[in-house]
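First the structure, in the form of structure tokens, and then the observations on it.
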Ligand SMILES: NC(=O)C1=CN([C@@H]2O[C@H](COP(=O)(O)OP(=O)(O)OC[C@H]3O[C@@H](n4cnc5c(N)ncnc54)[C@H](OP(=O)(O)O)[C@@H]3O)[C@@H](O)[C@H]2O)C=CC1
Ligand SMILES: CC(C)(CO)C(=O)C(=O)O
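Numbering (the UniProt record's numbering), first residue to last: 1 to 294.
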């Protein structure tokens, strides 16, 4: 099957590599440095101590997705509308379009930008680009997906050793992940600390509870059904990954724009619609924007 990845970064290259290793014809749409490296050396996946060289096509030109039966859409949230508009002319009527992104608004933004149905995906995976064309898998890899044709997409993904569950409540699962991101990402970015370090500071566990209580009020007002055990999952995060810096912290430390407007900032926007005050989420959003400017 021809499969394209729009946004060949850490997520797109990981899943693109897995699909290429399963025998699919994978085309990556990415930046010039990535395209140059992949064209010269292949896409390299470092996983579980092994180094896989994957044969893929790479291009900076969105028209290279033409003919793809499946498109994995993997840009950061701030790029969704623009990148969606770039691929829109090249999507076929039956192309499966999956949003593999954090945040809860991307599938809808992508649908508006492309005028094409999008399959929402929750990405339970950690990966990083260690050099152009070299992606390192750092943990997990499962997806939960939902929406039109999700079952068809799951068949291809599961056959490529990408464990994929079809969920009737994919938006609830995306909200569950959003709540984790809202609780930890901004603090890690502002403090430039990993989760275990700041969670050990007196009063921080209570701050996490207070952030989460604001988010829960908004989720309730939006009629969201959160996955069972969401609160306990949030409390467990620092114990599970004490050395982890949030993606927001990593963006700040690299001088890159963060996705904060789609994390705590999303809570602000939705809270305003329901007349709910969320002062801690507002403060975290603003402080993260200041951290981005440093
Ligand atoms: N990395 C991870 O472990 C995880 C990430 N996620 C989520 O997945 C999404 C993707 O994250 P991640 O892969 O880390 O992000 P990356 O920044 O690594 O990858 C996105 C890539 O897309 C490129 N890009 C953006 N717009 C275009 C365009 N129009 N044409 C070509 N290339 C483009 C970016 O280039 P440039 O940077 O130059 O703009 C970048 O190389 C985010 O929503 C993130 O929160 C979810 C779970 C885990
Ligand atoms: C590490 C994790 C799961 C929690 O903050 C994450 O999603 C992120 O950093 O964006």
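For glycine and all other residues, C-beta sits at the position ideal for the given N, C-alpha and C.
In this text the structure is predicted, and so the values were computed from the model without any measurement.
Among residues of its own chain, excluding the 5 on either side of residue i, which ones have a beta-carbon nearer than 6 angstroms to its beta-carbon?
i, result
"residue 176", "226, 227, 230"
"residue 85", "113"
"residue 26", "3, 16, 19, 20, 56"
"residue 233", "none"
"residue 80", "106, 109, 110"
"residue 88", "114"
"residue 251", "258"
"residue 116", "91, 97"
"residue 284", "186, 264"
"residue 28", "5, 8, 16, 56, 58"
"residue 208", "183"
"residue 244", "194, 195"
In terms of residues, what are the limits of the alpha helix (DSSP H) holding residue i?
i, result
"residue 249", "247-253"
"residue 182", "170-191"
"residue 81", "80-87"
"residue 112", "106-114"
"residue 155", "150-159"
"residue 256", "No alpha helix (DSSP H) holds residue 256; DSSP gives it neither H nor E."
"residue 288", "279-293"
"residue 234", "230-240"
"residue 206", "204-221"
"residue 20", "10-21"
"residue 103", "First-last for residue 103: undefined, no H or E at that position."
"residue 268", "264-273"
Return the chain-ordered list of same chain residues with a C-beta closer than 8 angstroms to the C-beta of residue i, the five sequence neighbours on each side being excluded.
i, result
"residue 48", "137"
"residue 100", "11, 12, 15, 72, 73, 74, 121, 123, 143"
"residue 204", "187, 198"
What residues match up with residue i in a beta bridge as DSSP calls it?
i, result
"residue 199", "Answer is none; residue 199 lacks a bridge partner."
"residue 52", "45"
"residue 3", "26, 70"
"residue 57", "27"
"residue 139", "126"
"residue 33", "Answer is none; residue 33 lacks a bridge partner."
"residue 134", "44, 131"
"residue 145", "121, 166"
Output needed for residue i: all residues of its chain with C-beta closer than 7 angstroms, excluding positions within five of it in sequence on either side, in chain order.
i, result
"residue 182", "211, 215, 263, 264, 267, 281"
"residue 221", "274, 276"
"residue 288", "186, 189, 190, 248, 258, 260"
"residue 159", "22"
"residue 174", "104, 120, 122"
"residue 154", "145, 164, 166"
"residue 150", "119, 166"
Which two residues bound the contiguous beta strand (DSSP E) that contains residue i?
i, result
"residue 119", "119-131"
"residue 165", "164-166"
"residue 97", "96-100"
So residue i and residue j are supposed to be a Cβ contact under 8 angstroms. How far apart are they, rounded?
i, j, result
"residue 62", "residue 90", "6 angstroms"
"residue 65", "residue 1", "Wrong, their Cβ atoms sit about 13 angstroms apart, outside the cutoff."
"residue 238", "residue 196", "5 angstroms"
"residue 104", "residue 179", "Contact doesn't hold; Cβ gap of about 10 angstroms is too wide."
"residue 218", "residue 271", "5 angstroms"
"residue 172", "residue 224", "6 angstroms"
"residue 35", "residue 44", "Incorrect: roughly 14 angstroms between the Cβ atoms, too far for contact."
"residue 127", "residue 134", "With 8 angstroms as the limit, residue 127 and residue 134 do not qualify as a contact, their Cβ atoms being about 11 angstroms apart."
"residue 141", "residue 125", "5 angstroms"
I'd like to know whether the C-beta of residue i is nearer than 8 angstroms to at least one C-beta of chain C.
i, result
"residue 265", "Given the protein chain composition of this structure (a single chain), no chain C is represented."
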